[in-house]
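Structure record follows, encoded as structure tokens.
2 protein chains.
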Amino acid sequence: MNNTKQVLVKRPKGLPTADCWELQTEAIPSLEEGQMLIEQAYISLDPAMRGWMNDTRSYIPPVALGEVMRAGSVGKVIAAKGKTPFQEGDHVTGWGGVQTHVVTDGQGFFPIRPEWADLPHFIGSLGMPGMTAYFGILQEGQIQEGDTVLVSGAAGAVGSVVGQIAKIKGCTVIGIAGGAKKCDYLIHELGFDAAIDYKNENLKTSIKKHCPKGIDVYFDNVGGDTLDAALIFLRKKARVIICGAISQYNATDLQGPKNYLSLLVNRASMKGMVVLDYAAQYSQAMQDIAQWMASGQLKSKVDIYEGIEAFYPTFLRLFNGDKLGKLVLKI
Amino acid sequence: MNNTKQVLVKRPKGLPTADCWELQTEAIPSLEEGQMLIEQAYISLDPAMRGWMNDTRSYIPPVALGEVMRAGSVGKVIAAKGKTPFQEGDHVTGWGGVQTHVVTDGQGFFPIRPEWADLPHFIGSLGMPGMTAYFGILQEGQIQEGDTVLVSGAAGAVGSVVGQIAKIKGCTVIGIAGGAKKCDYLIHELGFDAAIDYKNENLKTSIKKHCPKGIDVYFDNVGGDTLDAALIFLRKKARVIICGAISQYNATDLQGPKNYLSLLVNRASMKGMVVLDYAAQYSQAMQDIAQWMASGQLKSKVDIYEGIEAFYPTFLRLFNGDKLGKLVLKI
Chain A
1 MNNTKQVLVK
11 RPKGLPTADC
21 WELQTEAIPS
31 LEEGQMLIEQ
41 AYISLDPAMR
51 GWMNDTRSYI
61 PPVALGEVMR
71 AGSVGKVIAA
81 KGKTPFQEGD
91 HVTGWGGVQT
101 HVVTDGQGFF
111 PIRPEWADLP
121 HFIGSLGMPG
131 MTAYFGILQE
141 GQIQEGDTVL
151 VSGAAGAVGS
161 VVGQIAKIKG
171 CTVIGIAGGA
181 KKCDYLIHEL
191 GFDAAIDYKN
201 ENLKTSIKKH
211 CPKGIDVYFD
221 NVGGDTLDAA
231 LIFLRKKARV
241 IICGAISQYN
251 ATDLQGPKNY
261 LSLLVNRASM
271 KGMVVLDYAA
281 QYSQAMQDIA
291 QWMASGQLKS
301 KVDIYEGIEA
311 FYPTFLRLFN
321 GDKLGKLVLK
331 I
Chain B
1 MNNTKQVLVK
11 RPKGLPTADC
21 WELQTEAIPS
31 LEEGQMLIEQ
41 AYISLDPAMR
51 GWMNDTRSYI
61 PPVALGEVMR
71 AGSVGKVIAA
81 KGKTPFQEGD
91 HVTGWGGVQT
101 HVVTDGQGFF
111 PIRPEWADLP
121 HFIGSLGMPG
131 MTAYFGILQE
141 GQIQEGDTVL
151 VSGAAGAVGS
161 VVGQIAKIKG
171 CTVIGIAGGA
181 KKCDYLIHEL
191 GFDAAIDYKN
201 ENLKTSIKKH
211 CPKGIDVYFD
221 NVGGDTLDAA
231 LIFLRKKARV
241 IICGAISQYN
251 ATDLQGPKNY
261 LSLLVNRASM
271 KGMVVLDYAA
281 QYSQAMQDIA
291 QWMASGQLKS
301 KVDIYEGIEA
311 FYPTFLRLFN
321 GDKLGKLVLK
331 I
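First to last, the sequence lines map onto chains A and B.
For the first sequence, the residue numbers in the working numbering are 1 to 331.
For the second sequence, the residue numbers in the working numbering are 1 to 331.
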């Protein structure tokens, strides 16, 4: 039996090229005492993966050259030897990486309840993106009923959950996304109050129009000009949550927020977050989100592509915007 | 009896030119019931004045064209008519503006205790700059004993008090200032642990050297490249306090902090502050600072220039760095 994997072999400059990874196939070794074999079902594609490819100090070490590309995943234990944390047939999620199979002692994996939702959701709204949204908007954003919340990357895996949680909590929610299709989705399927198509609208004009009282919370996934436009319209004591900056991940010359002095004038804060800090509270968040999904208050779309070989073209969709909802690779 | 005043007659682009103000002399009208005449002793020159000259939304309205230039001041009541909040002979501080005399009902002024310190200190360490430093480093910065605190504009009216309060609270304090004279002053007179001469040192190299564990609190008065260098060395959960950005006030093309994603990686925050929000707590802060000054734990230098006519060349010293300590104009 073989494992097929995408191995990082070259560090990118700017947008990664196909030759940054090499598809390798190896025989799966026989299990040792305490080991399990996981057959991966879905692999998560996230913008954060771009950061892990850089050889720089960050919140986790970079992926080493020669190592399988790091990624979240969901799968099933198909073999176990001796005393193991999970048993054959258990479904688990964790850092499975971009590969078809994982041999592991279980570290970095935890069990899921497949009766809660279809498997891909466990790397979407019930996985890291969902956790990021939940703790970002509730704990970092400290939203109150009646707040005006602006979200960029609003049709993405994190942004869509951020906006829906803010709606559940009684906020006015405006999403920024690229293209009419995504904007329609935000308003008509997810219940956002308004959507701004950054590809076809003037950001400043549209933010001003849809946030007449200004912005209480801006949840930023993109950085660049979008962050700068949002800063102009902050209200007093506004909170800007820096979750990501997809416009900057492939940039060779970084763009800082020129309008950051709006923080001063408005006594506002800009705060960075890393979801891993909230690991101890994931289970509560998962229960809440699962409940909202079950009751229809929170909708979750998954954009599925197939095959470990399709990793690179699918990965590119993170950056060219050609996707709707959580991007996953089905194995 | 006459009042001589500097009136704003033109809005600047970039660094203000002399013709932005006009020196005007007018007869002082006789007092009405409830009015006082204040003879101004010292006028405060602060970087924030540059911002008040712009016709843009900010934390207070801009100075109107034709209006006396806004400034803090300290002076003495030399006449009063009827029921007034202060009596002849009282010393007061407030928004006196750049003029020799003020006729007022007392709004925006409050009494001071001249026995506490020489008069100019009431617009320095015991005035707005001192209040800004006190609430900025203690309440916004939330410093803890053992924290590494980096301050820019460290030899200035705000920065010098920030650093000294942080020392009193048991922090390791590194100041950034321009020139050997200011750096010597920080270390040998104010007791800073280290000083970085940004005019003659590489900021990144020196910050790395003097903050080997990284920065817990960065108190920023300058923005630009200095802010960007500091961001690189933030520790986990660091607090960046945006008090000002003197490098940007005259800039026509603003420079945003390119390294702001350090906030994300380090779960750090960047927060703006305006001292006016703390008005209700000024008296406690003044007592603390006066006590520290009396005991010699906090030193305060005033750089005095003379004459209302000297306003413009003295104002320029705020931006060319040719001053040491709190800049004031003696009337």
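The beta carbon of each residue, even a glycine, is placed where N, CA and C say it ideally should be.
Worksheet item: In terms of alpha-carbon separation, which member of Arg235/B, Arg317/B, Ser206/B, Lys209/B lies closest to Tyr218/B?
Response: Closest option to Tyr218/B, Cα to Cα, is Arg235/B.
Worksheet item: So which residues on chain A does Pro62/B lean against when the C-beta distance must stay under 7 Å?
Response: Neighbours of Pro62/B on chain A: none; closest Cβ ~12 Å, over 7 Å.
Discussion item. Is the beta carbon of Leu263/A closer than 8 Å to that of Ile242/B?
Written reply: A contact, by the Cβ cut-off of 8 Å.
Item to complete: Flag this pair as yes or no: are the beta carbons of Leu37/B and Val74/B separated by less than 8 Å?
Response: No, the pair does not count as a contact, with Cβ atoms beyond the cut-off.
Item to complete: For Pro212/A, count neighbouring Cβ atoms within 10 angstroms of its own Cβ and tell me buried if that reaches 16, exposed if not.
Response: With fewer than 16 other Cβ atoms from the protein chains shown falling within 10 Å of its own Cβ, Pro212/A counts as exposed.
Discussion item. Restricting to Cα atoms, I'd like to know which of Val98/B, Gly82/B, Leu254/B, Lys271/B is closest to Ile331/B.
Written reply: Taking each of Val98/B, Gly82/B, Leu254/B, Lys271/B in turn and checking the Cα distance to Ile331/B, the smallest one comes out for Val98/B.
Discussion item. Taking the alpha helix (DSSP H) that His347/B belongs to, which residues open and close that run?
Written reply: The structure shown does not extend to residue 347/B, since chain B spans only 1 to 331, so no value can be given for it.
Worksheet entry | Cα-Cα separation between Ala238/A and Met53/B, rounded to whole angstroms | For Ala238/A and Met53/B, the distance between alpha carbons rounds to 25 Å.
Worksheet item: Going by the CB atoms, is the gap between Thr226/B and Ser160/B shorter than 8 Å?
Response: No; because the gap between Cβ atoms is not below 8 Å, this pair is not in contact.
Item to complete: Identify every run of the beta strand (DSSP E) within the region 146 to 194 of chain B, keeping only runs that are complete inside it and at least 3 residues long; order them along the chain.
Response: Under the rule that a run must span 3 or more residues, the beta strand (DSSP E) segments found entirely inside the region 146 to 194 of chain B read 148 to 152, 172 to 177.
Worksheet item: Taking Cβ positions only, does Ile137/A come closer than 8 Å to chain B?
Response: Put simply, the CB of Ile137/A is far from chain B, with every gap to its CB atoms at 8 Å or more.
Worksheet item: Quick one: is Arg11/B buried, meaning 16 or more other Cβ sit within 10 Å of its Cβ, or exposed?
Response: Per the 10 Å Cβ criterion, exposed.
Discussion item. If I measure Cβ to Cβ from Glu306/A and keep anything under 6 Å in the same chain, skipping five residues before and after, which residues do I get?
Written reply: Taking C-beta separations shorter than 6 Å and ignoring five residues to either side along the sequence, the partners of Glu306/A in its chain run Lys330, following chain order.
Worksheet item: With DSSP run on the structure shown, which of helix, strand or coil describes Leu31/A?
Response: In the three-state scheme derived from DSSP, where H, G and I count as helix and E and B as strand, Leu31/A is classed as coil.
Discussion item. Between which two residues does the alpha helix (DSSP H) holding Ser262/A run?
Written reply: 262 to 265 is the extent of the alpha helix (DSSP H) around Ser262/A.
Discussion item. On a Cα-Cα basis, can you pick out the residue from Gly223/A, Ala195/A, Lys169/A, His188/A that is closest to Gly175/A?
Written reply: Of the candidates Gly223/A, Ala195/A, Lys169/A, His188/A, the residue whose Cα lies closest to the Cα of Gly175/A is Ala195/A.
Item to complete: Assuming Phe311/A contacts Gln6/A (C-beta within less than 8 Å), just tell me the rounded distance between them.
Response: About 5 Å separates the Cβ atoms of Phe311/A and Gln6/A, confirming a contact at the 8 Å cut-off.
Fill in: Burial state of Pro29/A, where buried means 16 or more other Cβ atoms lie within 10 Å
Burial call: exposed.
Practice prompt. Flag this pair as touching only if the region 161 to 173 of chain B and the region 196 to 207 of chain B have three or more C-beta atom pairs under 8 Å; answer yes or no.
Written response: Cβ pair count under 8 Å is below three, so no.
Worksheet item: Can you give the beta carbon distance from Val328/A to Leu45/A, rounded, assuming they're within the 8 Å contact cut?
Response: With a Cβ gap of about 7 Å, Val328/A and Leu45/A count as contacting.
Item to complete: Below 8 Å on the Cβ atoms is my guess for Val274/A versus Arg267/B; work out the distance and round it to an integer in Å.
Response: With a Cβ gap of about 6 Å, Val274/A and Arg267/B count as contacting.
Item to complete: List the residues of chain A that Val274/B touches, going by C-beta distances under 8 Å, in chain order.
Response: Here the neighbours are Leu264, Val265, Arg267.
Practice prompt. For Trp292/B, name the three-state secondary structure that DSSP assigns.
Written response: The three-state secondary structure of Trp292/B, taken from DSSP, is helix.
Discussion item. Taking the beta strand (DSSP E) that Asn2/A belongs to, which residues open and close that run?
Written reply: Asn2/A -> beta strand (DSSP E) spans 2 to 8.
Item to complete: Using a Cβ cut-off of 8 Å (strictly closer), state whether Ser283/B contacts chain E.
Response: Annotation note: the requested chain E is absent from the structure, which comprises protein chains A and B.
Discussion item. Just to confirm my understanding: we take Ser206/A, look at its own chain, exclude 5 residues before and 5 after, and list those with CB closer than 7 Å. What are they?
Written reply: If the five residues before and after Ser206/A are omitted, its C-beta is found closer than 7 Å to the C-beta atoms of Ile196, all from its own chain and listed in chain order.
Discussion item. Which residues in chain A have a C-beta closer than 9 Å to the C-beta of Gln255/B? List them in chain order.
Written reply: Per Cβ cutoff of 9 Å: Gly256, Lys258.
Discussion item. Starting from Phe311/A, trace the alpha helix (DSSP H) in both directions and tell me its first and last residue.
Written reply: Its alpha helix (DSSP H) spans residues 311 to 320.
Practice prompt. Go through its chain and collect everything with a Cβ distance to Gly34/A's Cβ below 8 Å, but skip five positions before and after it.
Written response: If the five residues before and after Gly34/A are omitted, its C-beta is found closer than 8 Å to the C-beta atoms of Lys81, Gly82, Lys83, Thr84, Asp105, all from its own chain and listed in chain order.
Fill in: Check: Thr56/B C-beta below 7 Å from any heavy atom of the ligand FMN
The ligand FMN is absent from the structure shown, which contains no ligand whatsoever.
Fill in: Inter-residue Cα distance where the pair is Met49/A and Leu318/A
Their backbone Cα atoms lie some 10 Å apart in a straight line.
Discussion item. How far does the beta strand (DSSP E) with Thr93/A in it extend, from its first residue to its last?
Written reply: It spans 91 to 94 - the beta strand (DSSP E) in which Thr93/A sits, taken as one unbroken run.
Discussion item. Quick check on Lys299/B: does DSSP put it in helix, strand or coil?
Written reply: Correct three-state label for Lys299/B: coil.
Discussion item. Give me the DSSP bridge partner(s) of Ser73/B.
Written reply: Ser73/B is bridged to Ile43/B, Gly94/B.
Discussion item. According to DSSP, simplified to helix, strand and coil, what is Val275/B?
Written reply: It is helical.
Worksheet entry | Distance CB(His121/B)-CB(Gln40/B) smaller than 8 Å | No, the Cβ-Cβ distance between His121/B and Gln40/B is not below 8 Å.
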